[in-house]
Structure formats: C-alpha cells, structure tokens
Amino acid sequence: MTRALSRAGAVLRSHLVLAVLGVVVIVAVLTAVGDFRAVQLTQMAYLGIAAGGLTVLTGLNGQISLGHGALMAVGAYTTALLLQDDEPMLPLLGVLVAATLVTLVVGAAIGVAAARLHGPYLAGATLALAVAVPGIALYFGDTLGGEQGLRVRVPDAPDWVLDLAFFVTGQDLTPSKYVAYLGWFTLVVAYVGLANLSRSRVGRRWRAVRDDEVAAEVAGIGLGRARVSAFVVSAAAAGAAGFVMAVSVRLAAPSGFSLTLSLTLLTAVVLGGLGTLTGALAGAALLTFLPDVITDAGVSAGLDDIRAAELAPLLYGLVMVAVILLAPSGLVGSLRTAWHRLGHTTSKGEPS
Amino acid sequence: MQQFVNTVLGGLTLGMVYAAFALALVLIWRSTRIVNFAQAPMAMVTTFIALQIIEAGHSYWLGFAAALLAGLVLGAVVERVLIRPVEGKAEINAVILTLGLFIVIHALAAVIFGNRYRSFPAAFGIRGIEVGDTTIALTGFGIFTIVAVLVVMGLLVLLFRFTDVGLRMRAAAFNQEVARLLGVRVGRMLTLGWALASLVGSLAGLLIAGGSLVHPGYMDSVVVYGFVAAVLGGLDSPGGAVVGGLLLGLSLSLVSGYVGSQLVALAALAILMVVLLLRPQGLFAQGRERRV
Amino acid sequence: MLEVRELSASYGAVRALREVTFTAPTGEVTAVLGANGAGKTTLLRTITGLVKAQSGGATYDGRELTRTAPELMPGLGIAHVPEGRGVITELTVEENLRLGGLGRRRGRVRAEELERVYDLFPALADRRNALAHTLSGGERQMLVLGRALMADPKVLLLDEPSLGLAPRIVAQLFELVQSLVVGHGLTVVLVEQNARSALSIAHRGVVLSLGEVVVDERADVLAGDDQLRHAYLGF
Numbered sequence: 107m108t109r110a111l112s113r114a115g116a117v118l119r120s121h122l123v124l125a126v127l128g129v130v131v132i133v134a135v136l137t138a139v140g141d142f143r144a145v146q147l148t149q150m151a152y153l154g155i156a157a158g159g160l161t162v163l164t165g166l167n168g169q170i171s172l173g174h175g176a177l178m179a180v181g182a183y184t185t186a187l188l189l190q191d192d193e194p195m196l197p198l199l200g201v202l203v204a205a206t207l208v209t210l211v212v213g214a215a216i217g218v219a220a221a222r223l224h225g226p227y228l229a230g231a232t233l234a235l236a237v238a239v240p241g242i243a244l245y246f247g248d249t250l251g252g253e254q255g256l257r258v259r260v261p262d263a264p265d266w267v268l269d270l271a272f273f274v275t276g277q278d279l280t281p282s283k284y285v286a287y288l289g290w291f292t293l294v295v296a297y298v299g300l301a302n303l304s305r306s307r308v309g310r311r312w313r314a315v316r317d318d319e320v321a322a323e324v325a326g327i328g329l330g331r332a333r334v335s336a337f338v339v340s341a342a343a344a345g346a347a348g349f350v351m352a353v354s355v356r357l358a359a360p361s362g363f364s365l366t367l368s369l370t371l372l373t374a375v376v377l378g379g380l381g382t383l384t385g386a387l388a389g390a391a392l393l394t395f396l397p398d399v400i401t402d403a404g405v406s407a408g409l410d411d412i413r414a415a416e417l418a419p420l421l422y423g424l425v426m427v428a429v430i431l432l433a434p435s436g437l438v439g440s441l442r443t444a445w446h447r448l449g450h451t452t453s454k455g456e457p458s
Numbered sequence: 003m004q005q006f007v008n009t010v011l012g013g014l015t016l017g018m019v020y021a022a023f024a025l026a027l028v029l030i031w032r033s034t035r036i037v038n039f040a041q042a043p044m045a046m047v048t049t050f051i052a053l054q055i056i057e058a059g060h061s062y063w064l065g066f067a068a069a070l071l072a073g074l075v076l077g078a079v080v081e082r083v084l085i086r087p088v089e090g091k092a093e094i095n096a097v098i099l100t101l102g103l104f105i106v107i108h109a110l111a112a113v114i115f116g117n118r119y120r121s122f123p124a125a126f127g128i129r130g131i132e133v134g135d136t137t138i139a140l141t142g143f144g145i146f147t148i149v150a151v152l153v154v155m156g157l158l159v160l161l162f163r164f165t166d167v168g169l170r171m172r173a174a175a176f177n178q179e180v181a182r183l184l185g186v187r188v189g190r191m192l193t194l195g196w197a198l199a200s201l202v203g204s205l206a207g208l209l210i211a212g213g214s215l216v217h218p219g220y221m222d223s224v225v226v227y228g229f230v231a232a233v234l235g236g237l238d239s240p241g242g243a244v245v246g247g248l249l250l251g252l253s254l255s256l257v258s259g260y261v262g263s264q265l266v267a268l269a270a271l272a273i274l275m276v277v278l279l280l281r282p283q284g285l286f287a288q289g290r291e292r293r294v
Numbered sequence: 385m386l387e388v389r390e391l392s393a394s395y396g397a398v399r400a401l402r403e404v405t406f407t408a409p410t411g412e413v414t415a416v417l418g419a420n421g422a423g424k425t426t427l428l429r430t431i432t433g434l435v436k437a438q439s440g441g442a443t444y445d446g447r448e449l450t451r452t453a454p455e456l457m458p459g460l461g462i463a464h465v466p467e468g469r470g471v472i473t474e475l476t477v478e479e480n481l482r483l484g485g486l487g488r489r490r491g492r493v494r495a496e497e498l499e500r501v502y503d504l505f506p507a508l509a510d511r512r513n514a515l516a517h518t519l520s521g522g523e524r525q526m527l528v529l530g531r532a533l534m535a536d537p538k539v540l541l542l543d544e545p546s547l548g549l550a551p552r553i554v555a556q557l558f559e560l561v562q563s564l565v566v567g568h569g570l571t572v573v574l575v576e577q578n579a580r581s582a583l584s585i586a587h588r589g590v591v592l593s594l595g596e597v598v599v600d601e602r603a604d605v606l607a608g609d610d611q612l613r614h615a616y617l618g619f
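Residue numbers (my numbering), protein chains in the order written: chain A, 107 to 458; chain B, 3 to 294; chain C, 385 to 619.
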C-alpha cells in the first residue's frame, strides 16, 4: 500500500518536474518570439488542450468523438458571455474555471448518452452534435450574437503580472503574449491533470474498458461509469480549450466551430498516435504551423490563396488515411515502436 | 393550412433524398459493417463533375449520367484500395479512415473546383405548381426527385431479389464464410456493393443540388441526416432506411417551418439520441436486440 | 478419392493439426471422430482452404485442394457444410437453395435440381418462401444438405451435422446421407462427436486426438473393439 502510494507520488513528482521544465521552456520561447508567433502559439495551446482531452477519450478509453469542436464552442460561448462588460464580474481565472465547469456538465450529459454507444454509432451521434451546435447560436441570436457571434473583451493583465513578466523576461508584456501565457499555463495544468489521471486507478479502468469490456466487467469495473468519467474529463479539457480560443480570437462565432474544427482535433490525435499527450501536442503543433508552410508552397506553385489554403487539410487527410493503413498506432506510436526496435526502452503506451 | 400542406410536401421531397442517402449508408453497413462518413464528400465531388460538364455546355442529362457513373467508379475504387485493408479490423480504424477520406475529398474538391458557392441547374421547373389560385410547394423538380429515387429503389429491389448477382451480394453481406464455400467471390461482391451505394449517394447529391447552390461542404449535413434516417430504420434494413428517410424529412421540415431552420440539425440529433437510447434496433426491426 | 497427407495447421502458436494423413475412398463414408478440440473442424477448414495449411496437403482425384481458394471448391465438386449448419438466416429457404446452384450455368438444370431437392425434402418445399431463421434445427440441416446437393457435388464434407438435433432426427439424417452415398456415389467425410451414430453408416473411422491421427480403422472393427471405443470414443 505504502509502496503503491510512494510510486504514485513518484509519478506525480515526475509529472511536476516535467511541468516546471515546460514552464521554463514556455517562458523562454514566448520571450524570444514576436506577437505574431505568440498568437500562433496560443492557437497551438488551445488545439493541444482539446486534442489532449480527446486523446484521453479515444486513445485511453476507446471512445471516438467528432463533437469536441462543439464542446469547445460551449467553453468559448461561456467565456464570451462572462466577458461582455468592461468590468467583468469574474477574474479571468474564474472565467476559465466557469467555462471548464459548464462544459464539464454538458459533457456529462452527452457522456451518459455516449456511454451506451460504440464505434460508428458514437461517431455518427457526435458528428450530429458537431453539426447541430452552431445552429443553437444562430437560433438564440439575441443572447448568443447570431452569425456575427459574441465579442470577447479580455481584461488587461493585472499590474502584478506585468511587473512579474518584466522582472523575469526584461520585456513589457503585450496583450497577445499575456493571452499566450494564459493559454500555455492552462495547457500545462491540463496536461499534468490528464497525465496523473491516466496513470491513476481511474486511468487503468479506462484502459481496461478499452481493451476488453468483458474482462473489465468481470473485474468489477462499471463500464458506464468508466466511459462517462472519461467523457467528462475530456469535455472539461475541451471547455478549457474553448476558453483559451475565445480569449485569443476575442470572438465566439458559429463559423469558428464548424465540423472542420472537430475533424481537425481528431486529426491532431491521429497524427500524434492515439493515446499519448506528447503526440496530441505534436499533432497540435503540426496543425498550427504546417498550414502556413504548405499554403505558401501552394501559392508559389500558382494556386490562388483560397485554394492553396486547402492544401493543408488535404495533407492531413492523406496522412490520416496513410496512418490507418500503414501505421495504426499513429506517427508517434510508430516512431516509438521503431525506437524500441532499435533497442531503447522506455515505459510504453503511457501518456507522458 | 396551406403552410402545413407545403411543409409536408417539402418534407416528403426532402425525405426521399434522405431516404436515398440512408439507403447508400445501409447498403455499405450491411455488407462491411462500416458507416461510410465519406459518402457525403463522395456525392459532392460527383455532383461537381456533373456541374463541370453542364457548365461546359453539355446537356444536364449528360452531366447527370456522368455523375452517377463517377459515383459507381469512385465507390468501387474506394472499397478496393482503402477499405479492403481495414475490413474485419477494429471498428475505430474504419471510422477514422472514412473521416480521413472525408477530409481528403473535401480539400481536393476545394483545390480543384474552388471554395465558393456555385448554382446548380435543375432539370425541371423549381416553381411551385399552381392549383387554382394557390401555389403548392410541389415543384416539377420535386416530382422528378421523388420519381428518380423511387425508380432507383425499384431497380435495387429487382437486382437484389431476382438476379444471381443480387443473391450473391446478399449472401456475401450476411455470411462471408458460407458464401465463399458456395463459390461466391466475396471481395468482388463487396466492391460492387460499395459501387452501387456510392451511385445512390451520388443521386442524392444531384437531387439536393438541383436548383440550389453547391460548394465543397454542401453535403456535410446530409450525411448526418442520412445516418439518422438509417438508424431510424435499423441501419440494417433498406426498407427501414426509406421509411426512416421519409419520417425524418417530414419531421425536419416541420421543425424548420414551425420552430426555426437553425434548429434542424439539433432536432435530428435529438431524434437520433431518442432512437438510440430507447429503440436501438430501429423502429421497424422485429425485436432483435442489438448493441449500438 | 480424397487424400489427406501430412497436413499440419495452427491457430497462432497452437498446433491444431499435426501431419494428419488418411484417405477417404470414393463412394464411402469416412467418419472423423474425436473429442472436442481434437482438430476435427480445423481439418475440414484446412482442406477447403479456409485455414491456411502449414505443410502437407489434400487432393481430390489428384487435384490440390488446400492451396486452392474456398470459392473454387464447388467447381471442383467439393461441398463443405460448415459447423453450426451454415444456413444464411436472412435469406429465404429457396434463396439458400438457389445459392447452392449458382455454379450451374443452365437455368433448366438449376430448376430441375431445385425440384429434385424439394422431392428429397418435402418439408422444405412447403416453406420455400419462409426466411431461413424460422426453420427448426432439423429443417436447417435439411436445407444445408439440400443446398450442398444443388451443386451436384462429388465430395461432401459434413461438420457435426448431428449437433443439437433430437436422436430421431439424427437417425433420419444419417439414413439420408447413406442413401446419397449409395444412390449418387458420393464421397463423404463425416466429422462427428456422436461416434456411435457416425460409425453406424461409416465405412472407415479416423480418430483424432490433439490434432493427430491415433486410429485409422474399418468402422465395424472400430465399433467392435471395446478397448478402442473406451479409450477414444467414450461409448
């Protein structure tokens, strides 16, 4: 018992060490880049948070969701509604918590229904969710801003943050960088939480249900409870991601939460290799930075801007198909396998 | 009263298209236990082929026929090249594969045909028919839609019921091993099944497009409605898919007419959830419990 | 003549067949007996190519079977009636039968064959348009036999046809198999747990144990040898 506890403590400690290292890297990177890159990095952060949640759901629990874009919309609209006035009633962190909680509750409701579905049925139902949710914003146009959406007023960074930033980095903190820090700290907290959960008893239950329902049930694991809890955790991550997105884009509008967003998140998870948080983050990085490169290449090859912009999704889709056909454990999973084959050993299949 | 009649007529016309699309999904589900989410962009891309042909000055019917043929070929190629390797593997593989294909075809169409809205012609009038001094919402093209779907369904019934190849296809769908031992080339039958399903999907795409606007995403919601219709009918039953399509078309038309068109997709989601949670085997199955 | 020589196969790491060798002479019933898991079903599945053979093979009149696709079996005159009866329950009785005759080119031949099967099994004729899942166990067994006959086979591989049937029905069934052998000169390989019934119509008995042939003997000798019966057949 104590051994188990101390092992759990060691796991937690190693995650915290990684988190601290992560924070150092984040500060260094955000100090070095300009505002434009900071905005891009914020995008990477919110895609990474949502993809991390989806990775837990799909990779660890075996459920698929095409509706995580819709869950992000819940988080983003909650954020927007709370940040309408110049003097918001909650501090930003409070808004983050509120957006996460609201999405968590919505996710619980969906998760209860989803827990009874599998494979294609679950995919179809969550696809319907992704298509249906933007319509709600249009229907309740008075409250939710209709097609134009809701503007998000991001309060200025508090003085102590500005002072701290100047003290640590020797630079004045621009609003874009403030949001980037917010996004990345949210990501670090979310990932530490997700990593610990997946290494805990809860996470073992999720995996047990994924691997063999019958065996899990015989072992006394409630299938429904395991599925719902995975969905809830995953939804909460999507809600937090929605918060970061709303604060970064300063807008919550239906067009931002199209089916494309949900499919994009799934792409990140598949590219990263179902089941690892590192993979989800790598997937988010690809989704953030690759499009520019590819679009530029397309334009210089003679395509107009709009067409060139479609080259990136084309590539993702192709890679997704190729991954399933050639390397079903995803890119990171395959690299890891190759790494193992070369004789290196690390703990396998666990989110790190 | 007039609004009600028009809503119902519109719902039935749309329902026929959903029925066709649901039928396409059911044909594939029955034989390979895969829900082909890529059916939507596959139908879209064949409709664009028709549009290119029509805009090049050829007749509507040439474009129509070319689109159906393209659908047939596309379905066969997709099954043979992409789907065959994941048949019988964990179902999540096929789900992700069809979604990847969804993204690929979508993006490819946008690169080739552009991302803007383009108007697609209709073969028949799209003005309502006048009865006395009121105009009812049944258009010439609406009648064509209903007739076209009925004809295709009739042909499918003839094929499956009365021909050797139809019998082989059904045997391959229901029990691959027994079919093989009886000399059925199961792989070919699956390819043919995907080809036919894709043709029916293309028909649905052409009918939705007629007299309206098309762009790479115009079929995306239809795949949701087709899926809901197919689940209503039990996902295994072609007849159920047709009835499910009509019911869904009618319900969504009523929601659109009396509540708000923005909530149509939400209504479809609600119908789907109610069916999946209360009667997962579909409305018309004879009580056989099924895991969804 | 169906010849199986040194046939080996495995499921994953488990060796299911070890160099199985025996001969099923034309116009005779060869019973393959043995306990559950002895490899009887795998033997038939390997012969018709549903399971890949590791080494060895099976030939019918000199033609290689094990490395030929299962789809080609009807054309070679081989009818494999799988375990669990293999009725396609979603099709009607007549559709199941038609399926058996699809290899025959001429429509008239098919129609005649269909009538012959209905003559043989009047119970099926009465229910020709019923869905097969409404049939009883005995009727299903008639249906798969009739379906196999539609292709006018030379070899019948029967996998546990008596499974789950009442003793009276089993007796009728085996009587019918015997009459087919006598009437059509069929070669039958009969895989059975029900050794007593199987040996009553068989000419030879082959006993498998853990994937190996442990006895290959004339049926009447096998049935009459108390020691062998007790050791391997449990009756």
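Don't be surprised by glycine CBs; every beta carbon is placed ideally from N, CA and C.
Y284(A) sits in a helix when the DSSP states are folded into three classes. Closer than 7 Å to the CB of E416(A) there is at least one CB belonging to chain B. Exclusion of the five residues before and after L303(A) leaves V162, G309 and V339 as the residues of its chain whose Cβ lies within less than 8 Å of its Cβ. The Cβ of L184(B) sits closer than 7 Å to at least one Cβ of chain C. When only Cα atoms are considered, E132(B) and G230(A) end up about 40 Å apart. Listed in chain order, the alpha helix (DSSP H) runs fully inside the segment 120 to 198 of chain A are 141 to 161 and 174 to 188, counting runs of at least 4 residues. In the DSSP assignment, L574(C) is bridged to A415(C) and L542(C).
V404(C) is bridged by DSSP to L391(C).
Taking a beta-carbon distance threshold of 7 Å, I472(C) counts as an interface residue toward chain B.
Sequence-ordered contacts of the segment 61 to 94 of chain B with chain A read L84, P87, V88, E93 and I94 [C-beta pairs closer than 7 Å]. The beta carbon of G487(C) is closer than 7 Å to those of P458, G459 and A535 in its chain, skipping five residues each way along the sequence. In this structure, L574(C) sits near L542(C), with a CB-CB distance shorter than 7 Å. When the beta-carbon positions are compared, T571(C) and V598(C) stay at least 7 Å from each other. L486(C) reaches chain B at D166, L169, R170, L184, G185 and V186, counting residues in chain order whose Cβ is nearer than 8 Å.
If you draw a straight line from the Cα of Y152(A) to the Cα of G289(A), it comes to about 7 Å. Chain-ordered, the chain B residues with CB closer than 8 Å to the CB of L431(A) read L84, P87, V88 and L99. For a Cβ distance threshold of 7 Å, nothing in chain B lies close to I327(A): the least Cβ distance comes to about 18 Å. One thing to note: I128(B) has its Cβ within 7 Å of the Cβ of T141(B).
A distance below 7 Å between beta-carbons, with the five flanking residues on each side excluded, links A69(B) to the following residues of its chain, in chain order: T48, T49, I51, A52, S204 and L208. DSSP lists no beta-bridge partner residue for E467(C). When the beta-carbon positions are compared, L293(A) and L279(A) stay at least 7 Å from each other. In this chain, T34(B) is not harboured by any beta strand (DSSP E); it is covered by the alpha helix (DSSP H) spanning Q4 to T34. Beta-bridge annotation (DSSP): T476(C) is paired with L515(C). Within the same chain, Cβ atoms closer than 8 Å to the Cβ of T452(C) are found at G433 and L460, the five residues on either side in sequence being excluded. Under the DSSP assignment, G441(C) falls in the beta strand (DSSP E) whose first and last residues are S439 to Y444.
For chain B, the residues of the segment 427 to 458 of chain C that bring a beta carbon within less than 7 Å of one of its beta carbons are T432, L434, P454, E455, M457 and P458, in chain order. Under the three-state reduction of DSSP, I327(A) is assigned to coil, being neither helix nor strand.
Distance check between M195(A) and each of A215(A), V117(A), R259(A) and T275(A) places R259(A) closest, using alpha-carbon atoms only.
Around the CB of P218(B), 16 or more other CB atoms lie within 10 Å, so the residue is classed as buried.
S581(C) sits in a helix when the DSSP states are folded into three classes. Bounds of any alpha helix (DSSP H) do not take in I85(B), whose DSSP letter is neither H nor E. Following the DSSP letters along the chain, one finds A58(B) in no alpha helix (DSSP H), marked with neither H nor E. Non-local beta-carbon contacts of D600(C) in its own chain, meaning distances under 6 Å to residues more than five positions away in sequence, involve F406 and V590 in chain order. Take I107(B), set aside five residues on each side of it, and the residues of its chain with a beta-carbon closer than 7 Å to its own are A40, P43, M44 and V47, in chain order.
Annotation: the continuous beta strand (DSSP E) that includes V598(C) extends over E596 to R602. Within the same chain, Cβ atoms closer than 6 Å to the Cβ of A390(A) are found at M150, L153, G154, A157 and A374, the five residues on either side in sequence being excluded.
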